[in-house]
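In terms of my numbering, the sequence shown opens at residue 21 and continues consecutively.
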Amino acid sequence: MRTARIAVGGIEHETCGFLPWTDDPAPTTLEDFRSQTVRGAEIARLGKANTIVDGFVRGVRENGLEMVPLLWARAFTGGAASRATFETVTSELLDLLRNAMPVDGVLLSLHGSFAAEGIDDADGAVLSAVRKLVGPDCPVMAVHDMHCNLTVEMARAADVLVVERTYPHTDMAERAVHTTRLMARTIAGEIRPRMAFRSIPLLWSAPKMMTADPPMRDAIGKLEELDQVPGVLSASLGVGYQPIDSPVVGTSAIVVTDANEALAEARADELAQWVWERRKLWQAESLTPEAALLLGEKAGKYPIILADQGDNTGGGAPGDSTEILRLFLQRRLTPSAVLYMVDPETAAQATTAGVGAEIAVGVGGKSSERLGPPVPMRARVRALSQGRFTYDGPMFAHAPEDLGPSAWIEQDGVHVVVISRRVQPIDLAFCRSLGLDCRAMRHISVKSTGHFRSGFAPIAGSIFNVITKTALSNDYRQWGGRFKRLGRKIYPLHEDVPVSWSRSETAQR
Ligand SMILES: [Zn+2]
Numbered sequence: 021m022r023t024a025r026i027a028v029g030g031i032e033h034e035t036c037g038f039l040p041w042t043d044d045p046a047p048t049t050l051e052d053f054r055s056q057t058v059r060g061a062e063i064a065r066l067g068k069a070n071t072i073v074d075g076f077v078r079g080v081r082e083n084g085l086e087m088v089p090l091l092w093a094r095a096f097t098g099g100a101a102s103r104a105t106f107e108t109v110t111s112e113l114l115d116l117l118r119n120a121m122p123v124d125g126v127l128l129s130l131h132g133s134f135a136a137e138g139i140d141d142a143d144g145a146v147l148s149a150v151r152k153l154v155g156p157d158c159p160v161m162a163v164h165d166m167h168c169n170l171t172v173e174m175a176r177a178a179d180v181l182v183v184e185r186t187y188p189h190t191d192m193a194e195r196a197v198h199t200t201r202l203m204a205r206t207i208a209g210e211i212r213p214r215m216a217f218r219s220i221p222l223l224w225s226a227p228k229m230m231t232a233d234p235p236m237r238d239a240i241g242k243l244e245e246l247d248q249v250p251g252v253l254s255a256s257l258g259v260g261y262q263p264i265d266s267p268v269v270g271t272s273a274i275v276v277t278d279a280n281e282a283l284a285e286a287r288a289d290e291l292a293q294w295v296w297e298r299r300k301l302w303q304a305e306s307l308t309p310e311a312a313l314l315l316g317e318k319a320g321k322y323p324i325i326l327a328d329q330g331d332n333t334g335g336g337a338p339g340d341s342t343e344i345l346r347l348f349l350q351r352r353l354t355p356s357a358v359l360y361m362v363d364p365e366t367a368a369q370a371t372t373a374g375v376g377a378e379i380a381v382g383v384g385g386k387s388s389e390r391l392g393p394p395v396p397m398r399a400r401v402r403a404l405s406q407g408r409f410t411y412d413g414p415m416f417a418h419a420p421e422d423l424g425p426s427a428w429i430e431q432d433g434v435h436v437v438v439i440s441r442r443v444q445p446i447d448l449a450f451c452r453s454l455g456l457d458c459r460a461m462r463h464i465s466v467k468s469t470g471h472f473r474s475g476f477a478p479i480a481g482s483i484f485n486v487i488t489k490t491a492l493s494n495d496y497r498q499w500g501g502r503f504k505r506l507g508r509k510i511y512p513l514h515e516d517v518p519v520s521w522s523r524s525e526t527a528q529r
């Protein structure tokens, strides 16, 4: 028997629709995608890092399939892609697929919260175009970020949708391997996947998505319980990406069974209802940095980590809010570190001055008045870097990163790592490469909501998610006025939300 040929590719973008000072964040450009695009043989060489596409590559090998590498294009969280950018990236993926036909299956890594100019559900558009190309009988399966806004269109176009089950996303490769295994079994005729999809009108609060802690741990437990049900092949929960005014925003539940539509529908109902009944549990109170410090000092467990989710670059924020840096300096909290301040200007000044020099700089606060003003510092340049390093995991383990020209500067025990590209701190690898020992700090602020836990949770004494007066908030009621296009009532913006888990519209093709 000939080896089955599986096309592998991906387009990944988490599209931020608004920030407090703008309904129109800078659009994501073709250049943003191009700088993080790999193709063909470059994809075939992957397989070692903890990413979804690496997981596909590993899975294809492990299952004795033949890989047909397409395109893997990524761009960092930002505004909607222009129509031309969307079309260029998508056309390239589709052209590569068309030229590779016939294939026996398609595996795609799609974030699940991708929007382009005039297209709310860009992932759905990609999946539908792929389906049109390969026809109704070729299995198409996709893996999504946990922060996905999944849609009926996506569920209709695909045979199987799988969502990560960890935040920080430490299971990216694992979920891809799981999906590739489903692909291999489908092609071999061992299973016939049937998928049911439910959209849950719920905005999930970010601090309540951490999978190491209850109540989120219980939600993952619910998925693991479904894994044990005879006939269930896969169960997923998408917790959504909220800062975008779009009818696709919300939570979603997916159950895939082997040739049993009724079971898929019933279990999807059960999962959706389970989440809905606990809707209050997924809402977090807002904590200010000052209040968090009080709690932290009382507990006395160091380092105290303040997760500045208001300025989480991973969620679309600019990453140069100075609120916590100012607090550290004013209160003389030392030794302390602010990771990372996105400030190419200061990085360049430090680079020009050189290691050991003392520089007078205005740090951060340049992207918007709301994130500033810049903090005047007379700082010593402790180390410089071009910003390239490799994550040491577990999230993104062995994956390369590029923060652009970067510097570690210090004033009287307050340390700031200044970088040039908008990337969130995920583990200790970059600080270690600079020589900055995070374990020796008493206070650390990270511009991240959850992913920093990958490397920082093991060294943390205590962790507090705090809301600075900057970009992103988990109090969605504050954002109420920004949502004009939801097209339905959604909790907690509305209390009286009608729900009915009628059969999904994932009618078979
Ligand atoms: Zn995510």
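Note that CB positions come from ideal geometry on N, CA and C, so glycine has one too.
Closer than 8 Å: residue i CB and nearest ligand 1 heavy atom
| i | result |
| --- | --- |
| His-189 | yes |
| Asp-165 | yes |
| Glu-34 | yes |
Residues near residue i in its chain [Cβ-Cβ closer than 6 Å; skip 5 each side]
| i | result |
| --- | --- |
| Gly-144 | Thr-171, Glu-173, Met-174 |
| Pro-420 | Thr-410 |
| Asp-52 | Ala-95 |
| His-189 | Met-415 |
| Thr-57 | Ala-93 |
| Leu-359 | Val-437, Pro-445, Val-466 |
| Ala-319 | Ser-482 |
| Pro-364 | Ser-440 |
| Ile-1 | Within the shown structure, residues of the chain are numbered from 21 to 529, placing residue 1 beyond reach of any answer. |
| Glu-34 | Thr-97, His-131, Ser-133, Tyr-261 |
| Thr-199 | Met-161, Val-163, Val-182 |
| Val-517 | Pro-221, Lys-509, Tyr-511 |
| Arg-22 | none |
| Gly-470 | Tyr-187, Pro-188, Met-230 |
| Arg-59 | Leu-91 |
| Ile-487 | Ser-306, Gly-330, Ser-493 |
| Gly-258 | Cys-168, Leu-170, Val-183, Ser-272 |
Cβ neighbours of residue i in the same chain (closer than 7 Å, five flanking residues each side left out)
| i | result |
| --- | --- |
| Ser-522 | none |
| Asp-140 | Ser-266, Pro-267, Val-268 |
| Val-519 | Pro-221, Trp-296 |
| Gln-528 | Reliability fails at Gln-528, whose pLDDT of 47 lies under 50, so the model's placement of it is uncertain and the value that follows must be treated cautiously. Once the five neighbours on either side are set aside, Gln-528 has no close Cβ partner at all. |
| Ala-292 | Arg-218, Ile-220, Ala-273, Trp-521 |
Contact belief for residue i with residue j at Cβ below 8 Å, rounded distance in angstroms
| i | j | result |
| --- | --- | --- |
| Ile-325 | Ile-483 | 5 Å |
| Arg-201 | Asn-83 | 6 Å |
| Pro-393 | Gly-385 | 5 Å |
| Ala-304 | Ser-225 | 4 Å |
| Pro-323 | His-514 | Rounded, the Cβ-Cβ distance is 40 Å, inconsistent with contact. |
| Pro-542 | Phe-38 | This structure does not reach residue 542, given that the chain is present from 21 up to 529, and the question cannot be answered. |
| Gly-475 | Asp-447 | 3 Å |
| Asp-179 | Pro-213 | 5 Å |
One or two residues paired with residue i in a DSSP bridge
| i | result |
| --- | --- |
| Glu-32 | Arg-94 |
| Val-160 | Val-126 |
| Asp-233 | Paired residues: none, contrary to the question. |
| Gly-382 | Pro-396 |
| Asn-485 | Ala-327 |
| Glu-86 | Arg-25 |
| Asp-278 | Pro-213 |
| Ser-254 | Val-276 |
| Leu-222 | Tyr-511 |
| Thr-271 | Ile-220 |
| Gln-431 | Val-434 |
| Leu-359 | Val-466 |
| Thr-57 | Ala-93 |
Cβ-based neighbour list, residue i, same chain, cut-off 8 Å, excluding 5 preceding and 5 following
| i | result |
| --- | --- |
| Ala-120 | Arg-25, Ala-27, Val-88, Leu-90 |
| Asp-43 | Gly-37, Asp-265, Arg-502 |
| Ala-193 | Ala-69, Asn-70, Thr-71, Ile-72, Asp-74, Gly-75, Arg-78 |
| Ala-288 | Ala-216, Phe-217, Arg-218, Ala-273, Ile-274, Val-275, Trp-521, Ser-524 |
- Message: List, from N- to C-terminal side, the beta strand (DSSP E) runs of 3 residues or more that fit wholly inside the segment 302 to 348.
- Response: 324 to 328, all fully within the segment 302 to 348.
- Message: I'd like the ranges of any alpha helix (DSSP H) spanning at least 4 consecutive residues and lying wholly in the segment 93 to 142.
- Response: 103 to 120
- Task: Ignoring anything shorter than 3 residues or poking outside the segment 402 to 429, list the beta strand (DSSP E) runs there in chain order.
- Result: Fully enclosed beta strand (DSSP E) runs of 3 or longer: 408 to 410, 420 to 422.
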